[in-house]
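To start, the structure itself, in structure tokens.
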Amino acid sequence: MTTTDSKSNAVARALSPAQIGGRRQTGVTLETRHLSRKVGPRAVVDDVSVQVFAGEILAIVGPSGAGKSSFLRLLNRLDEPTSGAILLKSEDYRSIAPQDLRRRVGMVMQTAHLFPGTVSSNIAFGPRQRGEVLTTERIESLLNRVGLPEFAERDVGYLSGGEAQRVALSRALANAPEVLLADEPTSALDEHSVRAIEELILGIVQERQMTCVIVTHNRAQALRLAGRTMVMEAGRLVAIGPTREVLHDS
Amino acid sequence: MIAELGNNIGSDVLLGLAQAIGAIALCAAVVLLCRLHAVRVEREAAVSLARGLVQMVLVGVILALLLHGNLLIGALILFMMTIAAAFTASRRLKGVDGALLLCFWSIAAGAGAIIAAMLATASLRPEISMLVPVGSMIIANAMNSCAQAIERFRAEILSHVGQIEAKLSLGAEPRVSVAPCLRSAVYASLLPRFDMMKSLGLVWIPGVMAGMVVSGTSPVYAGIYQFIIVAMILAASGITGLVATLLVQSRVFSPAAQLTLRPAEAEVSSRARSGALTSKH
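Below you can see the structure in the form of structure tokens.
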């Protein structure tokens, strides 16, 4: 594990890619360099430099108000940094059209925020923005993958919390993102649904060789899901490394 | 002109003042009735009645002078009315940069387009005595529509931040992400105008028709003309509401398609938008 010294402005890169999470890593997918965001006088994200490797799940933990969700929002470019840079496969975020970037870096939020209508209309939303029409088979396939077969024509108003979050996950996956950001996706769910969503995320990341960054307040969840974990406090990155070591030490 | 005005004052004002005294006496009786029930409104009633009378006499004098002016003065009056309307409507837009100008353009677009269309189709005579009263009605309704549309649009956005950002995070354009809010806002701003149209002649007989009938115009023509005025008010309100929401929409997103109007950050949206990183898109 590495405890970062922000004054040195060194990129927090605790281990070589080959060591991370016991899984072979192929390169840096996402990188932040001295990333900061101020809201008024307060720095909600403060000089965070981190690399996320292809195919890994990186968990972000920390107390409430530590800047975890704010950091994730910057990665989806829902907010603008005050200073610093974000790179997606070495390409500066600012040189990618926001809509393209958000397709490539998908996000599942704490609340599903499904749009009024049917499950299938929700899943087809992302591709439709680019003029693509998802076939019924493709929608069924995505729903099968998240364990909701024959849900396509259901009204989203009648879904349970767990079902809604699965739909939100398949809606993000319909865009075929390279990176999946998940902001406490299970915080409002019962234990059974939590495990089901965790298994889904693990399975999908492995199948698609996706990169995943997940914010969680649940250390056990970080242990179950993430090869590496970063700890944030008061907007700063205070530690990063293999999950067991980071959580054992902090 | 002044001599003519003096004659008018001489013949009509005494009658008007006598009628006003009668109206004030009736109000005073109501104030006494209230006092019997321990409701003390003497001071309020005296101040409001005095102000109302003085203001209306002054407006009457100004209008009497202006009605003899040329069309340019009429256009200037409508312009000043549009600015005043923009000031009033912009009070609903605290926290949005350039609110006054936004409201001005919205009201000017709606009222201006409709007044121009009415003049072009001869449904509004190019006389100051017609232009100012009809124009002011259209501007006043455009102002209400502007304020209602903006207020509803802001409220809709603030109560649907999660859904809007969910759409953005899936790659939607800002206009797509707030489309339901825009529809709801424009519809809400038009509802009072639709109700006005539906109740025309049933619940109320508007002033223009009443005035035309009193001045000897055929009641049927007066009714049709009143319909035209209300229809034009509806059209002006629609244009104003739409332009206002579209202009607000363009101001609540950053150049990088980020929603800057959020409950926690509404007050600092301007500062957040002007962050060090400048979008290349």
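Chain order of the listed sequences is A and B. Per my numbering, numbering through the first sequence is continuous, rising by one, with the last residue being 251. Per my numbering, numbering through the second sequence is continuous, rising by one, with the last residue being 309. Note that beta-carbon positions come from the ideal geometry of N, C-alpha and C, so glycine has one too.
C-alpha distance - residue i paired with residue j, whole-angstrom precision
i: residue 195 of chain B; j: residue 182 of chain A; result: 15 Å
i: residue 290 of chain B; j: residue 183 of chain B; result: 10 Å
i: residue 281 of chain B; j: residue 273 of chain B; result: 13 Å
i: residue 146 of chain A; j: residue 176 of chain A; result: 15 Å
i: residue 107 of chain A; j: residue 232 of chain A; result: 22 Å
i: residue 23 of chain A; j: residue 228 of chain A; result: Reliability fails at residue 23 of chain A, whose pLDDT of 42 lies under 50, so the model's placement of it is uncertain and the value that follows must be treated cautiously. One C-alpha to the other measures close to 7 Å.
i: residue 126 of chain A; j: residue 168 of chain B; result: 40 Å
i: residue 62 of chain A; j: residue 72 of chain A; result: 11 Å
i: residue 79 of chain A; j: residue 89 of chain B; result: 57 Å
i: residue 260 of chain B; j: residue 170 of chain B; result: 10 Å
i: residue 84 of chain B; j: residue 42 of chain B; result: 15 Å
i: residue 106 of chain B; j: residue 60 of chain B; result: 42 Å
i: residue 194 of chain A; j: residue 201 of chain A; result: 10 Å
i: residue 173 of chain A; j: residue 124 of chain A; result: 8 Å
i: residue 17 of chain B; j: residue 223 of chain B; result: The question about residue 17 of chain B has no answer here: the residues shown for chain B are numbered 29 through 309.
i: residue 70 of chain B; j: residue 53 of chain B; result: 13 Å
i: residue 154 of chain A; j: residue 172 of chain B; result: 41 Å
i: residue 45 of chain A; j: residue 185 of chain B; result: 23 Å
i: residue 94 of chain A; j: residue 88 of chain A; result: 6 Å
i: residue 188 of chain B; j: residue 165 of chain A; result: 17 Å
Candidates the options: closest to residue i by CA position
i: residue 288 of chain B; options: B:125, B:96, B:236, B:45; result: B:125
i: residue 112 of chain A; options: B:193, B:180, B:56; result: B:193
i: residue 222 of chain A; options: A:58, A:242, A:210; result: A:58
i: residue 185 of chain A; options: A:64, A:38, A:88; result: A:64
i: residue 90 of chain A; options: A:238, A:174, A:178; result: A:178
i: residue 236 of chain A; options: A:94, A:166, A:35; result: A:35
i: residue 254 of chain B; options: B:176, B:232, B:275; result: B:232
i: residue 198 of chain B; options: A:160, A:194, A:248, A:99; result: A:99
i: residue 96 of chain B; options: B:248, B:244, B:159; result: B:159
i: residue 48 of chain A; options: A:190, A:85, A:28; result: A:85
i: residue 257 of chain B; options: B:69, B:151, B:64; result: B:151
i: residue 82 of chain B; options: B:65, B:48, B:103, B:114; result: B:48
i: residue 132 of chain A; options: B:173, B:200, B:181; result: B:200
i: residue 113 of chain B; options: B:277, B:127, B:58; result: B:127
Residue burial classification, residue i (beta-carbon count within 10 angstroms, cutoff 16)
i: residue 69 of chain A; result: buried
i: residue 150 of chain A; result: exposed
i: residue 33 of chain A; result: buried
i: residue 239 of chain B; result: exposed
i: residue 139 of chain B; result: buried
i: residue 74 of chain A; result: buried
i: residue 175 of chain B; result: buried
i: residue 249 of chain A; result: exposed
i: residue 149 of chain B; result: exposed
i: residue 50 of chain A; result: buried
i: residue 217 of chain B; result: buried
Below-8 Å beta-carbon distance, residue i vs any chain B residue
i: residue 187 of chain A; result: no
i: residue 59 of chain A; result: no
i: residue 108 of chain A; result: yes
i: residue 1 of chain A; result: Missing from the structure shown is residue 1 of chain A; chain A here goes from 2 to 251 and no further.
i: residue 35 of chain A; result: no
i: residue 114 of chain A; result: yes
i: residue 80 of chain A; result: yes
i: residue 166 of chain A; result: no
i: residue 72 of chain A; result: no
i: residue 130 of chain A; result: yes
i: residue 172 of chain A; result: yes
i: residue 127 of chain A; result: yes
Minimum Cβ-Cβ distance from residue i to chain A less than 8 Å
i: residue 184 of chain B; result: no
i: residue 187 of chain B; result: no
i: residue 196 of chain B; result: yes
i: residue 277 of chain B; result: no
i: residue 229 of chain B; result: no
i: residue 286 of chain B; result: yes
i: residue 282 of chain B; result: yes
i: residue 199 of chain B; result: yes
i: residue 206 of chain B; result: no
i: residue 83 of chain B; result: no
i: residue 193 of chain B; result: yes
Residues of its chain near residue i, where Cβ-Cβ distance is below 7 Å and the 5 sequence neighbours each way are ignored
i: residue 77 of chain A; result: 103, 106, 108, 182
i: residue 244 of chain A; result: 60, 223, 224, 227, 228, 229, 230
Cβ neighbours of residue i in the same chain (closer than 8 Å, five flanking residues each side left out)
i: residue 99 of chain B; result: 154, 155, 156, 159
i: residue 56 of chain B; result: 73
i: residue 121 of chain B; result: 127, 130, 131, 178, 182, 276
i: residue 133 of chain B; result: 271, 275
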